[in-house]
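Quick notes on the structure that follows.
Structure representation (structure tokens):
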């Protein structure tokens, strides 16, 4: 299967536009270490000045897949987006519920939306520099797993392999399926 064929079928991108006119923050074309209130990366670039991270700019060339955007996945997604990762691909098949309000970054107006569509909307607003792709499906079915594996291989920046996959699922079946049956395929 061609990875690009899936986006129109199961990707809920149409629900959240990264170039939303309501976002007052323009995209940042080049990272700057200048510490000013208008530079969303200035505090992070301080890591480079301190010698903690030799090339902070390289994060913009990294791609990450997160499976599950519930408790752990929503926090991981938010931190990666705030840090300016280049591309974030999120997978989940659940919907936002009022019960999520006490622990996740979802908002009451997002109730009933798929978690990935709601997450993309929130994350794109936080940082429009990040390319966010969302897939609303269960990765444990055969067809969906094949597409998921294709995204690992060809979903990265420039059509290459993604740099890291984070399994943030709270569903035992999905966690077991990923670790037991297909770990060897990820290597």
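In my numbering, the protein residues as written are 5 to 191. Glycine included, each C-beta is placed from N, C-alpha and C at the ideal position.
Buried versus exposed call for residue i [16 or more other C-beta atoms within 10 Å across all chains shown]
i           : result
residue 59  : exposed
residue 102 : exposed
residue 54  : exposed
residue 106 : exposed
residue 119 : buried
residue 162 : exposed
residue 145 : exposed
residue 40  : exposed
residue 117 : buried
residue 83  : exposed
residue 147 : exposed
residue 128 : buried
residue 33  : exposed
Sheet register partners of residue i (DSSP bridge)
i           : result
residue 140 : 96
residue 61  : Residue 61 pairs with nothing; no bridge assigned.
residue 135 : 91
residue 168 : 68
residue 118 : 99
Pairwise C-alpha distance: residue j and residue i
i           : j           : result
residue 164 : residue 158 : 5 Å
residue 132 : residue 36  : 17 Å
residue 104 : residue 110 : 7 Å
residue 91  : residue 38  : 24 Å
residue 136 : residue 75  : 19 Å
residue 71  : residue 29  : 28 Å
residue 15  : residue 113 : Note that residue 15 scores a pLDDT of 37, beneath 50, so its modelled location is shaky and nothing firm can be said.
residue 51  : residue 57  : 6 Å
residue 156 : residue 47  : 31 Å
residue 79  : residue 98  : 16 Å
residue 150 : residue 67  : 19 Å
residue 173 : residue 140 : 14 Å
residue 63  : residue 153 : 23 Å
residue 242 : residue 160 : The displayed coordinates of the chain run from 5 to 191. Any statement about residue 242 would go beyond what the structure contains.
residue 61  : residue 88  : 9 Å
residue 69  : residue 86  : 16 Å
residue 93  : residue 45  : 21 Å
residue 77  : residue 100 : 14 Å
residue 95  : residue 43  : 30 Å
residue 73  : residue 27  : 22 Å
residue 81  : residue 31  : 18 Å
residue 130 : residue 115 : 19 Å
Any non-hydrogen atom of the ligand HEM within 7 Å of residue i CB
i           : result
residue 117 : No copy of the ligand HEM occurs in the structure displayed, which carries no ligand at all.
The region 115-131 in contact with the region 166-174 per 3-pair CB rule at 8 Å: Contact between the region 115-131 and the region 166-174 is absent: fewer than three C-beta pairs spanning the two stretches fall below 8 Å.
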